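Step one of this worksheet: look at the structure below.
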């Protein structure tokens, strides 16, 4: 699987992305579109339709693919092997779905006297369904008006207008874990897009940033640090901004399509790694939103997760011809031209029939009053049909067919099923059988551990609301690492829920919380993390302290690690053995050495919080720092931020309330409470914003045990 923790590398001109587990495996990202050549000749034709000596219309046809030259791939592989000192494997990018279009993507020219920048425009002239295996070939054709024909003619001969071929490919990859959590209310996000953004409208990078700020302010998106994300203000801000960038990408991936202005230089895509979030497109076009995501999803950015990514790659039409003579691909057609005599249709499938579990496809092609039967099998995966063009007005046709599933198909084995009718007027048809038959596959990947794990059981449930439609169970044992479950008749409003657990060698059964899948890959984590990391940071308040000695161990009397801090803002990390994946507890003890020679040692503290702040404050005190993040308050239109705090320890009959204020970005208020029970560190806070306009915004009460709370400064 693609690994987003590593940036895309370009080697010998080829874009490559590394695998998550096997570092010697690299995925080859699709090349910019290039025209398919038949016997060395580009398969591209512009037909200028002439009547009475006048240009009346046109027909444009081409076949394209996303293929790298074999010489480039061989050179890239050799360079990687020289760098790694071992053999490497290059694999094609797995693609879930794809679209190919003939597009105008740019700006209309204006007169020299007009110095205003014209608006960006995206117009689609023709579309095609690419195959979903390399080289992702697609046949595109479109009927043109007389003006459109002249425009395409001019572009083929010398460039000019930003017309070309654009591909969008959907893939899945593993996003790295970060020390941040993000909570996104997808239902309210949908409502915001539906009410504020017009379908087909454009969002630019700055618009996305402002949109996310608004959603953060309205608590639709809530981001918090699992740790302090560093030891200084700048480091902490960078970590939260990094998390915001991932949330921004998740929003545009769900609600928008990437758009990029067509240029003559080749466009190399990015997968959305940190620092490359918005290099995929200059703008995003809002999709037609038809389904509400009702779940309030907590994006566990601290856990590596499978996510979807849309890749965009495109090529200017003038560059598709390469060194070919445009005159050889531009042809005038009088009424006696063969184009007007016959209509041809080539039919194929997006994937191989075996991939979809189909042994045969039969269909009737209805063209006017003519009907022709076709048959596709694994041995004959394509069919070419032809009839008299004038048998149908406007060259309209329909295809009605059925498939027969193979005897070993995971669904409907040996059965026949009708396909929904397909209509069109073009000369190429690529059928995505999985989409037409509403088949949904889930690939499950586990980490084998035969010495400690006897079996891993995964239950995948197809749900309609709360009603169970279908269930699949997969059991992994030994060295088995992958398996696939297939569901039939998967409706858009349905979802797949996964429940999984491990049977340990000692006979104990561990169960994980159920998860709802929005990807086709489910990655099962190992039940034993092996080790977990504890991070300790020294507090900024270093008054009268000389140094700290902190001992950290898994159990109180067990072997441990001794860490020394001799100044504020220092970060240390230790890895502790984790024999039981359900037990993340550990023990630490702090010894202080004061500047006047005094020594002070705290009692051992038992906790399972992976980030610990140590300093002059003993463990029997709760100390919380509040850090504003954003612009200066007056710039954001804020007069005052008030923080209400409350700590309640019912067993010890302890209640403490307080109120803090932030009047400037430089303010860093601190709250301190003496504890009767050092293990009970949960408190509540509420943020009230007083704006310069007189408006008062009161936030909700939030329960947490964080030592550092980030207060967002968001402009109205």
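In this note's numbering, the protein residues as written are 155 to 870. Where a beta carbon is used, it is the ideal one built from N, C-alpha and C, also for glycine. Note that the structure is predicted; figures quoted are calculated from it, not measured.
Asked, Found
"Decide if residue 280 is buried, meaning its Cβ has at least 16 other Cβ atoms within 10 Å, or exposed.", "buried"
"For residue 219 versus residue 295, is the C-beta spacing smaller than 8 Å?", "no"
"On the three-state DSSP scale, how would you describe residue 365?", "helix"
"Does the segment 698–708 come close enough to the segment 663–678 to have 3 or more Cβ pairs within less than 8 Å?", "no"
"Just list the beta strand (DSSP E) runs in the segment 619–665, keeping only unbroken ones of 3 residues or longer that don't cross its boundaries, in chain order.", "621–631, 636–641, 649–658, 663–665"
"Is the beta carbon of residue 868 closer than 8 Å to that of residue 784?", "yes"
"In its own chain, which residues sit with a C-beta less than 7 Å from the C-beta of residue 623, not counting the 5 before and 5 after it?", "616, 617, 648"
"Do the segment 658–666 and the segment 525–542 meet, that is, are 3 or more Cβ pairs less than 8 Å apart?", "no"
"What's the call for residue 585, buried or exposed, on a 16-neighbour Cβ count within 10 Å?", "buried"
"Buried or exposed, going by whether 16 or more other CB atoms sit within 10 Å of the CB of residue 232?", "exposed"
"Could you check which residue in 562, 565, 177, 537 has the C-alpha nearest to that of residue 581?", "537"
"Between which two residues does the alpha helix (DSSP H) holding residue 301 run?", "300–312"
"If you measure between the beta carbons of residue 227 and residue 189, is that distance less than 8 Å?", "no"
"Under 8 Å, do residue 741 and residue 707 count as touching if we go by C-beta distance?", "yes"
"From what residue to what residue does the alpha helix (DSSP H) around residue 228 run?", "224–238"
"Is residue 278 helix, strand or coil by DSSP?", "strand"
"Go ahead and pull the three-state DSSP assignment for residue 577.", "strand"
"If you draw a straight line from the alpha carbon of residue 365 to that of residue 841, how long is it in whole angstroms?", "21 Å"
"Have a look at 770, 519, 797, 301 and flag the residue whose alpha-carbon is nearest the alpha-carbon of residue 781.", "797"
"Helix, strand or coil for residue 727? Go by DSSP, reduced to three states.", "strand"
"Since I believe residue 775 is in contact with residue 828 (beta carbons under 8 Å), could you give me their beta-carbon distance rounded to a whole number of angstroms?", "6 Å"
"In whole angstroms, give me the CA-to-CA distance for residue 562 and residue 324.", "28 Å"
"Could you give the distance in angstroms between the alpha-carbon of residue 854 and the alpha-carbon of residue 860?", "17 Å"
"What are the start and end residues of each continuous alpha helix (DSSP H) run of 4 or more residues lying completely inside the segment 671–753, in chain order?", "none"
"Skipping 5 residues on each side, what residues in its chain have a beta carbon closer than 6 Å to that of residue 745?", "703, 755"
"Quick one: Cα of residue 543 to Cα of residue 369, how far?", "55 Å"
"On a CA-only basis, which of 826, 858, 850, 830 is nearest residue 837? Give me that one, please.", "858"
"Within this structure, are the beta carbons of residue 517 and residue 555 separated by less than 8 Å?", "yes"
"Any Cβ of chain C within less than 8 Å of the Cβ of residue 756?", "In the structure shown, chain C does not exist; there is a single protein chain."
"Since I believe residue 466 is in contact with residue 322 (beta carbons under 8 Å), could you give me their beta-carbon distance rounded to a whole number of angstroms?", "6 Å"
"Whether or not the segment 637–644 and the segment 557–572 are in contact is what I'm after, with contact meaning three or more pairs of Cβ atoms, one per stretch, closer than 8 Å; do they touch?", "yes"
"Between residue 276 and residue 655, what straight-line distance do the alpha-carbon atoms span, to the nearest angstrom?", "48 Å"
"Taking DSSP as the reference, what is the three-state secondary structure of residue 869?", "coil"
"Pick from 761, 762, 770: whose alpha carbon is nearest that of residue 752?", "770"
"Which residues mark the beginning and the end of the beta strand (DSSP E) in which residue 252 is found?", "251–261"
"Give the DSSP bridge partners of residue 825, in chain order.", "778"
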